[in-house]
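Chemist:
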Amino acid sequence: KQEVTQIPAALSVPEGENLVLNCSFTDSAIYNLQWFRQDPGKGLTSLLLIQSSQREQTSGRLNASLDKSSGRSTLYIAASQPGDSATYLCAVRPHNAGNMLTFGGGTRLMVKP
Amino acid sequence: GAVVSQHPSWVICKSGTSVKIECRSLDFQATTMFWYRQFPKQSLMLMATSNEGSKATYEQGVEKDKFLINHASLTLSTLTVTSAHPEDSSFYICSARDPGRDTEAFFGQGTRLTVV
Numbered sequence: 094k095q096e097v098t099q100i101p102a103a104l105s106v107p108e109g110e111n112l113v114l115n116c117s118f119t120d121s122a123i124y125n126l127q128w129f130r131q132d133p134g135k136g137l138t139s140l141l142l143i144q145s146s147q148r149e150q151t152s153g154r155l156n157a158s159l160d161k162s163s164g165r166s167t168l169y170i171a172a173s174q175p176g177d178s179a180t181y182l183c184a185v186r187p188h189n190a191g192n193m194l195t196f197g198g199g200t201r202l203m204v205k206p
Numbered sequence: 298g299a300v301v302s303q304h305p306s307w308v309i310c311k312s313g314t315s316v317k318i319e320c321r322s323l324d325f326q327a328t329t330m331f332w333y334r335q336f337p338k339q340s341l342m343l344m345a346t347s348n349e350g351s352k353a354t355y356e357q358g359v360e361k362d363k364f365l366i367n368h369a370s371l372t373l374s375t376l377t378v379t380s381a382h383p384e385d386s387s388f389y390i391c392s393a394r395d396p397g398r399d400t401e402a403f404f405g406q407g408t409r410l411t412v413v
């Protein structure tokens, strides 16, 4: 059974710092990995999607990498801003399933002005 | 991008009543939809997979008689929480699969259910 773990569970940084969020998964047979942002009481906003054949994806100040063989992904946020404060979730899609996702526990990020 | 709309965004109901949550794909036909539940400060857990025109597939530990799922059309799936109790209070969120964009998962806005 696939298990997804995110470290750290919570992170508080001053504005402007570059930071790295970590995601690990136990079964490397994945179809893709997706990073989401969730604001309190809200739904999910898709940030980046990495196919299993890709190594990284970039969008603005966000960069996500994928090392499928070691079961790891990182989300890099450059020059963090208070508006980045949210919970960040990574989720993997198994190779042999539909579009169901297995989620990590999330990292709650607080960027202080 | 594909849009998934969920309604209502929040609902408060009395213990023992039933609540229906709708999940609609607005600009694509969704052959498969997924229902997740999220307890406070926890991650999302898959409850069931909903396939258009057939019975839903429930995850282990999810009571199918309590959480009724209907996927009668290619754009609408509903989740009905029957005889709701306070422990059913949670954030429910649906995801729809766009066959034309099979790589990405699209999520609704979620529904905050509070049972008093």
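Protein chains in written order, with the numbering used here: chain A, 94 to 206; chain B, 298 to 413.
Ideal Cβ positions, reconstructed from N, Cα and C, are used throughout, including at glycine.
(1) Give a yes or no on contact between the region 102-116 of chain A and the region 156-170 of chain A, applying the rule of three or more CB pairs nearer than 8 Å.
(2) Once DSSP output is grouped into helix, strand and coil, what is the label at B/ARG334?
(3) Could you tell me the boundaries of the beta strand (DSSP E) in which B/GLU319 lies?
(4) So, for B/LEU371: in the same chain, excluding its five sequence neighbours on each side, which residues have a beta-carbon less than 7 Å away from its beta-carbon?
(5) Quick one: what's got a C-beta closer than 8 Å to A/VAL106's C-beta in the same chain, skipping five residues either side?
(6) Going straight from the alpha carbon of B/LYS363 to that of A/HIS188, what length do you get?
(7) Buried or exposed for B/ILE309, going by 16 or more other Cβ atoms inside 10 Å?
(8) With DSSP as the reference, please indicate the residues paired to A/SER121 in a beta bridge.
(9) The beta strand (DSSP E) that contains B/MET344, what's its start and end?
(10) Please name the residue, chosen from B/ALA369, B/ALA393, B/GLY405 and B/LEU365, that lies closest to B/ALA381 on a Cα-to-Cα basis.
Modeler: Considering the structure as presented:
(1) The answer is yes - the region 156-170 of chain A touches the region 102-116 of chain A, with three or more Cβ pairs under 8 Å.
(2) Correct three-state label for B/ARG334: strand.
(3) For B/GLU319, the enclosing beta strand (DSSP E) starts and ends at 316-322.
(4) Within the same chain, B/LEU371 has close Cβ partners GLN326, ALA327, THR328 and GLU349.
(5) Sequence-distant partners of A/VAL106 (beyond 5 residues in either direction) whose C-beta falls short of 8 Å from its own C-beta, in its chain, are LEU112, SER173, LEU202, MET203, VAL204 and LYS205.
(6) Distance from the CA atom of B/LYS363 to the CA atom of A/HIS188, rounded to whole angstroms, is 30 Å.
(7) Sixteen is the threshold: since fewer than 16 other Cβ atoms of the shown chains lie within 10 Å of the Cβ of B/ILE309, the residue is exposed.
(8) Its beta-bridge partners do not exist; DSSP assigns none.
(9) Here the beta strand (DSSP E) through B/MET344 covers 341-348.
(10) Comparing alpha carbon positions, the residue from B/ALA369, B/ALA393, B/GLY405 and B/LEU365 closest to B/ALA381 is B/LEU365.
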